[in-house]
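Okay, structure first, notes after.
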């Protein structure tokens, strides 16, 4: 199973749009995960035209997005389970905190900071933040994530230029 992962798109906003390379990966994926801060429901609707979407709401999403999407979700990915949340809290202790909060998950996908991150504990539990394909803030590149899911979860950070 191929999963495309995005977060913090903050759309619509002026002429900002998802980069073409991001859209290609979304379209080719078996599952699209959006870890919050879509902003408007139109973003979810456009993603659903590309494929199956699992998404959560973020802190800047409008009322329509908050009404349509949960704060967290647990999804089966191959033989594994992924939890999705927007804000995983402070960096200190994040890996252990997410492990405790989502005991039935093999990994947690999150956003909020716009800072790409991939960490794994000694037991193989993982946390992954794809950064943002549209709002890189202090990061050098726009990014998204990819995950090959089967009997394992293999996360990859994808730089979009």
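Numbering (this note's numbering), first residue to last: 1277 to 1437.
Quick reminder that beta carbons are idealized off the backbone N, C-alpha and C, glycines included.
The structure displayed is predicted, hence computed values, not measured ones.
Item                                                                                                                                                                                 : Value
Run through the DSSP bridge pairs and tell me what residue 1423 is partnered with.                                                                                                   : 1279 and 1431
Take residue 1322 as the anchor and find which of 1288, 1381 and 1339 has the nearest alpha-carbon.                                                                                  : 1288
Output the distance between the C-alpha atoms of residue 1405 and residue 1281, rounded to the nearest integer angstrom.                                                             : 9 Å
Is there contact between the stretch 1386-1402 and the stretch 1296-1315, where contact requires at least three CB pairs shorter than 8 Å?                                           : yes
Grab me the residues of residue 1295's own chain with a C-beta within less than 8 Å of its C-beta, minus the 5 sequence neighbours each way, in chain order.                         : 1409, 1410, 1418, 1436 and 1437
Which word fits residue 1337, buried or exposed, when buried means at least 16 other C-beta atoms lie within 10 angstroms of its C-beta?                                             : buried
What are the start and end residues of the alpha helix (DSSP H) that includes residue 1321?                                                                                          : 1317-1324
For the stretch 1328-1407, which segments carrying the beta strand (DSSP E) assignment without a break, of at least 3 residues, lie completely within its bounds, in sequence order? : 1329-1331, 1348-1353, 1356-1361, 1383-1385, 1393-1396 and 1402-1405
CA-CA distance, residue 1342 and residue 1361?                                                                                                                                       : 13 Å
Quick one: what's got a C-beta closer than 7 Å to residue 1319's C-beta in the same chain, skipping five residues either side?                                                       : 1285 and 1287
Go through its chain and collect everything with a Cβ distance to residue 1326's Cβ below 6 Å, but skip five positions before and after it.                                          : 1302 and 1303
One question on the structure: do residue 1297 and residue 1279 come within less than 9 Å of each other, judged by their Cβ atoms?                                                   : no
In the DSSP assignment, the alpha helix (DSSP H) including residue 1302 goes from what residue to what residue?                                                                      : 1296-1304
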